[in-house]
Amino acid sequence: MARQARTVLADAVRIAHWAAGAPAPGSAAPLATQALQRAATALELSPAQVRAGWDRARLAGLIELHGDTARPGWRLRAWDRDDSAVLRGWVALFDAWSLVHAAPEGIEAGAVAEAVEAVPQVLSLLQLSAGPVAVPALLDLLAQRIAELQEERCEVPYGAGRSAAESAPATTGRPVPAADRSA
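In terms of my numbering, the sequence shown opens at residue 10 and continues consecutively.
Structure representation (structure tokens):
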């Protein structure tokens with residue numbers, strides 16, 4: 010899985026290395042026009058590819074912005090030797106993606122965030138497994154992890170299309186006696 014993430018984020022890594030070595034790597038998003046042209050020329054990429062790679066590098070934690078200065082992030086320094094850093098960068102990218110894109114129709118918005126939060130455990134399983142893992146086993150692991158996360162936050166799953174108000178137990182409108190409140 011880390012190998013796949015390295016392949017998909019190869020341009021982002023190249024841009025992050027370029028920014029780390031450039032005398033004036035640019036500024037905060039969007040990448041400054043002059044720096045964009047320098048990067049495109051140096052890396053033999055189009056300006057659109059540089060901009061997309063820059064955004065991915067920032068979201069994956071390969072580049073960190075400090076004021077108007079871009080510096081290599083800790084994931085970039087560990088990128089070639091640490092699979093867990095690569096997978097964390099991959100998850101950070103998915104996490105950012107889930108904030109920008111709306112949940113598909115028919116799926117609660119929180120479900121996407123919960124799935125993204127549970128993905129690191131699924132990625133760890135894939136990395137540690139010696140061979141293929143069946144999709145039902147992965148989905149079961151994902152569902153278990155989401156349930157654990159909800160339990161840790163003391164959340165009650167509402168079910169598809171139900172709100173907290175619809176799932177709340179019916180009340181009579183009478184106040185609860187003080188003796189019952191302490192239970």
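C-beta: ideal position from N, C-alpha, C; glycine also.
- In the three-state reduction of the DSSP assignment, residue 73 falls in the strand class.
- Per DSSP, the continuous alpha helix (DSSP H) segment holding residue 51 begins and ends at 42-52.
- In the three-state reduction of the DSSP assignment, residue 141 falls in the coil class, being assigned neither a helical nor a strand state.
- A direct Cα-Cα distance of roughly 6 Å separates residue 88 from residue 94.
- Bounds of the beta strand (DSSP E) holding residue 81 are 78-81.
- It is roughly 24 Å from the alpha-carbon of residue 83 to the alpha-carbon of residue 49.
- When C-beta atoms of the stretch 16-26 are compared with those of the stretch 52-72, three or more pairs fall below 8 Å, so the two segments count as touching.
- In the DSSP assignment, residue 19 falls within the unbroken alpha helix (DSSP H) covering 19-30.
- Contact between the stretch 111-123 and the stretch 139-148 is absent: fewer than 3 CB-CB pairs across the two stretches fall below 8 Å.
- Counting along the chain, the unbroken alpha helix (DSSP H) around residue 62 starts and ends at 56-68.
- Taking C-alpha positions only, residue 20 is separated from residue 55 by approximately 11 Å.
- Linking residue 73 to residue 151 through their CA atoms gives a straight-line distance of about 30 Å.
- Apart from the 5 residues on each side of it in sequence, residue 100 sits with its Cβ closer than 8 Å to the Cβ of 125, 128, 129 and 132 in its chain, given in chain order.
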